[in-house]
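Asks: In the numbering used here, the protein residues as written are 3 to 341.
Glycine included, every Cβ here is placed at the ideal spot set by N, Cα and C.
Just passing along the structure, written as structure tokens.
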Ligand code: COA
């Protein structure tokens with residue numbers, strides 16, 4: 003502890019962080035139950051062919067009825083800790099990105115922290131499908147700013163609880179799962195500058211149908227998440243490639259220098275359109291976890307990352323561009339060195 007400055011000097015001890023931050027390890031959890039398109043189509047008068055053609059989705063995982071976002075976060079975190087070579091006791095802050103923790107308060111993060119024996123800061127953030135990239139940005143700044151040394155970042159969703167199985171526009175899109183990453187100090191730059199932003203004027207484009215108060219006061223039924231599909235599609239296709247390009251420019255990296263492109267797994271057609279606009283060389287691996295995992299919102303990027311590393315599609319230490327975008331509307335992108 004430094005010596006207090008004399009009264010009236012206005013001096014406080016500056017915080018003391020690492021020069022750089024990096025992702026030290028990732029982990030993922032996919033619920034056991036595989037739900038094929040054939041199980042979804044009857045309620046929405048659709049077909050396996052239509053869903054695959056419009057979204058690239060073949061199947062998704064649904065959590066068990068009594069399996070919570072905290073339950074899913076725990077195994078994902080344990081895998082990330084092993085990959086990072088750390089113990090839970092090394093973690094001094096927990097950020098959970100989710101929009102499907104079913105308690106207005108408290109947040110999921112302190113409950114998860116308690117399960118793991120962590121007593122550090124713990125809070126949730128709500129940035130929908132961009133939640134993971136927001137949380138990585140915060141974690142990096144926390145490590146560099148000195149407010150934490152190792153930050154656990156979790157993207158987790160149980161979207162099956164918030165999906166209307168009879169809604170043709172969204173019932174086939176969503177899935178459940180959890181992805182985790184540990185962010186800690188680094189000797190070299192390993193998390194590039196974040197390019198992020200929002201357009202709240204479009205907040206109704208993807209949203210819970212009614213507020214909790216409206217649900218209480220009216221006879222409205224369960225307020226599932228709804229989506230104006232075509233507006234989302236246009237915004238993502240035309241708006242997000244320039245954001246991804248800005249993240250590359252901010253990191254001083256050219257598209258051809260990437261080892262992987264890991265966009266939010268929203269929809270295969272959106273992924274393909276972004277690849278085209280970014281002029282990404284055909285030999286650069288692109289995350290396509292959506293085919294078997296569907297859109298898991300905040301969990302999609304860490305789950306896709308974990309899969310690419312596990313299956314050897316990209317090497318540890320490779321450069322990846324990650325971009326999340328979704329309800330808000332909000333987005334965040336950064337180049338990272340893969341753990
Ligand atoms: N199954 C079968 N047919 C369907 C359908 C379904 N689930 N939903 C709509 N259709 C039909 C419509 O009835 C319409 O038929 P018509 O031409 O005979 O009138 C046709 O398909 C087109 O409907 P439309 O609502 O214009 O669909 P679309 O082409 O916009 O596709 C999405 C719907 C949801 C696949 C598309 O808008 C999309 O991918 N949006 C982005 C969603 C997304 O990625 N969200 C995540 C963001 S984080």
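1) Roughly how many whole angstroms lie between the Cα atoms of residue 58 and residue 16?
2) Is residue 159 helix, strand or coil when you go by DSSP?
3) Tell me, to the nearest whole angstrom, how far the beta carbon of residue 23 is from that of residue 217; I am working on the premise that it is less than 8 Å.
4) Roughly how far, in whole angstroms, is the beta-carbon of residue 245 from the beta-carbon of residue 207, given that I think they are within contact range, below 8 Å?
5) Quick check on the burial criterion: 16 or more other C-beta atoms within 10 angstroms. Buried or exposed for residue 18?
6) Note down, in chain order, each residue of its chain lying with its Cβ closer than 8 Å to the Cβ of residue 64, except the 5 sequence neighbours on either side.
7) Using 8 Å as the Cβ pair cut-off and three pairs as the minimum, do the segment 209-224 and the segment 250-263 touch?
8) Excluding five sequence neighbours on each side, which residues of the same chain lie with their C-beta closer than 6 Å to the C-beta of residue 175?
9) Residue 126 by DSSP, collapsed to three states: which one?
10) Just curious, the alpha helix (DSSP H) that residue 142 is in, first and last residue?
11) So what does DSSP say about residue 186, is it helix, strand or coil?
12) Residue 210 lies in the beta strand (DSSP E); which residues open and close that run?
13) Quick one: grab the DSSP three-state call for residue 66.
14) From the DSSP output, which residues share a beta bridge with residue 2?
15) Give a single yes or no on whether residue 297 has its beta carbon closer than 8 Å to a heavy atom of the ligand COA.
16) Note down the Cα distance separating residue 52 from residue 40, rounded to an integer number of angstroms.
17) Determine the closest residue to residue 336 out of 290, 181, 255 and 48, with distance taken between C-alpha atoms.
18) For residue 203, which option in 237, 134 and 143 has the closest C-alpha, if you only look at C-alpha atoms?
19) From the DSSP output, which residues share a beta bridge with residue 228?
20) Mapping the DSSP letters down to three states, classify residue 329 as helix, strand or coil.
21) From what residue to what residue does the beta strand (DSSP E) around residue 262 run?
22) Can the beta-carbon of residue 96 be found closer than 9 Å to that of residue 114?
23) What residue from 116, 118, 117 and 140 has the CA that sits closest to residue 127's CA?
24) Which of the three DSSP states is assigned to residue 254 in this structure?
25) Do residue 98 and residue 307 have their C-beta atoms closer together than 9 Å?
26) Let me make sure I understand the geometry here. Which of 70, 315 and 340 has the alpha-carbon closest to that of residue 322?
27) Using a Cβ-Cβ cutoff of less than 7 Å, which residues in the same chain neighbour residue 392 once the five nearest sequence positions on both sides are dropped?
28) Is the segment 288-302 in contact with the segment 79-90, if contact means three or more CB pairs nearer than 8 Å?
Replies: Let's see:
1) 50 Å
2) strand
3) The Cβ separation is near 40 Å, so there is no contact.
4) Not confirmed; about 17 Å, so no contact.
5) exposed
6) So the qualifying residues of the chain are 33, 35, 37, 162, 177 and 178.
7) no
8) 297
9) strand
10) Where residue 142 is concerned, the enclosing alpha helix (DSSP H) starts and stops at 133-147.
11) Strand, per DSSP.
12) 208-210
13) Per DSSP, reduced to three states, the secondary structure at residue 66 is coil, with no helix or strand assignment.
14) Absent from the model: residue 2. The displayed extent of the chain is 3 to 341, so no value can be given.
15) yes
16) 11 Å
17) Ranking 290, 181, 255 and 48 by Cα distance to residue 336 puts 255 first.
18) 237
19) Answer is 209.
20) Three-state DSSP puts residue 329 in coil, outside helix and strand.
21) 262-265
22) yes
23) 140
24) coil
25) no
26) 340
27) Past the edges of the chain, shown from 3 to 341, lies residue 392, and the structure says nothing about it.
28) no
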